């Protein structure tokens, strides 16, 4: 497929409350202009509650909107690109930057700007949980507990290592749960400690679900099986080190739509932010938005 060039005009919207947002805003703005991107406007948003309003206004005004922040920022912003024809470009300024990793956008600011200035359009899928769209991943289990309780200053100061410290602390209060997955033909029931709902393959900055691709037309669900938290710890340890036996503790399902229940009812973390509670319906929104991606 021939690379389709990106628009030359854009609006920059940066979540200044993200891990690197404030310090990166001016540098990103200057680098984009130097790379030949014509910025119609550039906004550093200090109040996260105003971010969606700023993104909505930007989508209506520009052929491309550059969103700077982490996975939660992108997840809350992406709904406004549906059906708009506006290209979403990513400046990875968060803690894990899982979506940028899945898309192949470099985490270095100058290299990410290079993609926005000279990359190409790519149409990707989104995940959809009961009308809440997400760019990369959702999860049930220990991860939402960590997302709900991790101190903001710990996350901002230590990044992914801060999440790890808090995950170990939270594990002492965590209990396994009974999971039901219905794909429309078969209902699967199993004990689990974590469920990964993947549109892209990265969780917490780690490539955890290799089978998931942003343009596959399918959602991949990976469940860590059993009741032992040691199995969950092994799953993460083996994934980080890319060990050959890293999938021995998981069950994998893939398809266009699933209905998930848990006992007890549990919160769902969507791109790192708490959202729904089970039961939920998950589906793949095929080729839902256009993004700025590295050239093939």
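Numbering (this note's numbering), first residue to last: 59 to 354.
All C-beta atoms, glycine included, are put in the ideal place defined by N, C-alpha and C.
In this text the structure is predicted, and so the values were computed from the model without any measurement.
Taking Cβ to Cβ, would you say residue 281 is nearer than 8 Å to residue 122? Your numbering for residue 281 matches position 223 in the chain shown. Your numbering for residue 122 matches position 64 in the chain shown. Against a cut-off of 8 Å, the Cβ pair of residue 122 and residue 281 comes out as no contact.
Sub-8 Å separation of residue 109 and residue 117 beta-carbons: On the chain shown, position 51 is the one that residue 109 refers to. On the chain shown, position 59 is the one that residue 117 refers to. In this structure, residue 117 does not lie closer than 8 Å to residue 109 by Cβ.
For a quick check, are the C-beta atoms of residue 259 and residue 267 less than 8 Å apart? By one-based count along the chain shown, residue 259 stands at place 201. By one-based count along the chain shown, residue 267 stands at place 209. The answer is yes: Cβ separation under 8 Å.
Run the CB neighbour count on residue 180, radius 10 Å, all protein chains shown included, and call it buried at 16 or more, exposed below. Start at 1 with the first residue of the chain shown, and residue 180 comes out as number 122. By the 10 Å Cβ count, residue 180 comes out buried.
Is the stretch 122-131 close to the stretch 242-250, with three or more CB pairs under 8 Å? no
Name the DSSP bridge partner or partners of residue 124? One-based indexing of the chain shown puts residue 124 at position 66. Paired residue(s): 70 and 147.
What residues match up with residue 279 in a beta bridge as DSSP calls it? Within the chain shown, residue 279 is the residue found at index 221, counting from 1. Residue 279 is bridged to 255 and 311.
Which stretch, first to last residue, makes up the alpha helix (DSSP H) that contains residue 133? Along the chain shown, read from residue 1 onward, the residue named residue 133 stands at position 75. Where residue 133 is concerned, the enclosing alpha helix (DSSP H) stretches over 129-136.
I'd like to check one pair, residue 72 with residue 174: are the Cβ atoms closer than 8 Å? As a working mapping, residue 174 is identified with position 116 in the chain shown. As a working mapping, residue 72 is identified with position 14 in the chain shown. No, the pair does not count as a contact, with Cβ atoms beyond the cut-off.
Classify residue 68 as buried or exposed, calling it buried when 16 or more other Cβ atoms lie within 10 Å of its own Cβ. For the purposes of this step, residue 68 is taken as the residue at position 10 of the chain shown. By the neighbour-count rule (16 or more Cβ atoms within 10 Å), residue 68 is buried.
Contact with chain C by residue 235, beta-carbon distance below 8 Å: The chain inventory of the structure shown lacks chain C, comprising one protein chain alone.
Just the C-alpha distance for residue 62 and residue 354, rounded to the nearest angstrom, thanks. Indexing the chain shown from 1 puts residue 62 at position 4. Indexing the chain shown from 1 puts residue 354 at position 296. Cα-Cα distance, rounded: 11 Å.
Taking the straight line between their C-alpha atoms, what separation do you get for residue 149 and residue 163? If you number the chain shown from 1, residue 149 lands on position 91. If you number the chain shown from 1, residue 163 lands on position 105. The alpha-carbon atoms of residue 149 and residue 163 are separated by roughly 8 Å.
Could you give the DSSP three-state label for residue 183: helix, strand or coil? One-based indexing of the chain shown puts residue 183 at position 125. Note: residue 183 maps to strand in three-state DSSP.
Cutoff 6 Å; reference residue 309; Cβ partners in own chain excluding five residues on either side: Here residue 309 refers to the residue found at position 251 when the chain shown is read from its first residue. Here the set comprises 281 and 283.
Taking all protein chains shown into account, decide if residue 84 is buried (16 or more other Cβ within 10 angstroms of its Cβ) or exposed. Residue numbering aside, residue 84 sits at position 26 when the chain shown is read from its first letter. With fewer than 16 other Cβ atoms within 10 Å, it is exposed.
Short Cβ contact (8 Å threshold) for residue 297 with residue 303: For the purposes of this step, residue 297 is taken as residue 239 along the chain shown, with counting starting at 1. For the purposes of this step, residue 303 is taken as residue 245 along the chain shown, with counting starting at 1. Not a contact, by the Cβ cut-off of 8 Å.
Considering Cα atoms alone, identify which of 337, 200 and 322 is closest to residue 289. By 1-based counting over the chain shown, the position of residue 289 is 231. Cα-wise, what sits closest to residue 289 is 200.
Pick helix, strand or coil for residue 287, following the three-state DSSP scheme. Along the chain shown, read from residue 1 onward, the residue named residue 287 stands at position 229. Residue 287 falls in the helix class under three-state DSSP.
What does the alpha-carbon distance come out to for the pair residue 78 and residue 151? Here residue 78 refers to the residue found at position 20 when the chain shown is read from its first residue. Here residue 151 refers to the residue found at position 93 when the chain shown is read from its first residue. Rounded to whole angstroms, residue 78 to residue 151 spans 5 Å at the Cα level.
Which class does residue 232 belong to by DSSP, given the choice of helix, strand or coil? For this step, residue 232 is matched to residue 174 along the chain shown. Coil at residue 232, not helix or strand.
Spatial neighbours of residue 234 in its chain, beta-carbon cut-off 6 Å, leaving aside the 5 residues before and after: Numbered from 1 along the chain shown, position 176 holds the residue referred to as residue 234. The answer, listed in chain order, is 249, 251 and 285.
Would residue 107 be called buried (16 or more neighbouring beta carbons within 10 Å of its own) or exposed? Along the chain shown, read from residue 1 onward, the residue named residue 107 stands at position 49. Residue 107 is exposed by the Cβ-count criterion.
Alpha carbon to alpha carbon, how far is residue 291 from residue 143? By 1-based counting over the chain shown, the position of residue 291 is 233. By 1-based counting over the chain shown, the position of residue 143 is 85. One C-alpha to the other measures close to 42 Å.
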